[in-house]
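Undergrad: Questions regarding the structure given below will be posed in turn.
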């Protein structure tokens, strides 16, 4: 949602915003896998390094587009936290990376915090001091 001056307000997480977030996460995950593979496969180190960087840089385009649709703090909360959680889950699935109960708890806390940030009603309206007329002092 945009104000009359063009600034973004509200948390309008519509289909377009979810699509942009999904594209960011897909590219971010692909880049992360490339970096992991490049770190463990010395024969293809540079190829994975270049591809991972290309995917990572491309993912920022979708973050920039997301900023046009939702508040910057919400966009950053979604991309940062969901990027972290999705990489953890993908590595757990793909590479069978063991995770402790404490790590699973951390993922749950991050997800709850992300939901709170993304779907909160926004800042409370400022309380205006009562005018003398309203108090009957005029």
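Numbering (my numbering), first residue to last: 4 to 141. All C-beta atoms in this analysis are idealised placements derived from N, C-alpha and C, irrespective of residue type, glycine included.
1) Expressed to the nearest angstrom, what Euclidean distance is found between the alpha-carbon atoms of residue 91 and residue 97?
2) On the CB-based measure, 16 or more other CB atoms within 10 Å of its CB, does residue 35 come out buried or exposed?
3) Please look up how many angstroms separate the CB atoms of residue 121 and residue 81, rounded, as I've assumed it's under 8 Å.
4) For residue 98, name the three-state secondary structure that DSSP assigns.
5) Would a C-beta distance cut-off of 8 Å place residue 66 and residue 78 closer than the cut-off?
6) Pull up the distance between the alpha-carbon of residue 27 and that of residue 62, whole angstroms please.
7) Under a Cβ-count criterion, where at least 16 other Cβ atoms within 10 Å of its own Cβ denotes burial, should residue 20 be classed as buried or exposed?
8) Assuming residue 37 and residue 16 are in contact, meaning their beta carbons sit under 8 Å apart, how far apart are those beta carbons, in whole angstroms?
9) Under 8 Å, do residue 52 and residue 59 count as touching if we go by C-beta distance?
10) Just to confirm my understanding: we take residue 70, look at its own chain, exclude 5 residues before and 5 after, and list those with CB closer than 6 Å. What are they?
TA: So, to answer that:
1) The residue given as residue 91 occupies position 88 in the chain shown. The residue given as residue 97 occupies position 94 in the chain shown. Between residue 91 and residue 97, the C-alpha separation is close to 10 Å.
2) For this step, residue 35 is matched to residue 32 along the chain shown. It counts as buried.
3) Within the chain shown, residue 121 is the residue found at index 118, counting from 1. Within the chain shown, residue 81 is the residue found at index 78, counting from 1. Right, their Cβ atoms sit about 6 Å apart.
4) Your numbering for residue 98 matches position 95 in the chain shown. Three-state DSSP puts residue 98 in coil, outside helix and strand.
5) Reading the chain shown from its first residue, position 63 is the one you call residue 66. Reading the chain shown from its first residue, position 75 is the one you call residue 78. In contact: residue 66 and residue 78 (Cβ atoms closer than 8 Å).
6) Along the chain shown, one-based indexing puts residue 27 at 24. Along the chain shown, one-based indexing puts residue 62 at 59. Computed Cα separation, rounded: 5 Å.
7) In the chain shown, residue 20 corresponds to position 17, counting from 1. Buried is the call here.
8) By one-based count along the chain shown, residue 37 stands at place 34. By one-based count along the chain shown, residue 16 stands at place 13. Their Cβ separation, rounded to whole angstroms, is 29 Å, which puts residue 37 and residue 16 out of contact at 8 Å.
9) Numbered from its first residue, the chain shown carries residue 52 at position 49. Numbered from its first residue, the chain shown carries residue 59 at position 56. Not a contact, by the Cβ cut-off of 8 Å.
10) As a first step, residue 70 is located in the chain shown; it is residue number 67 there, counting from the start. Only 78 meet the Cβ criterion.
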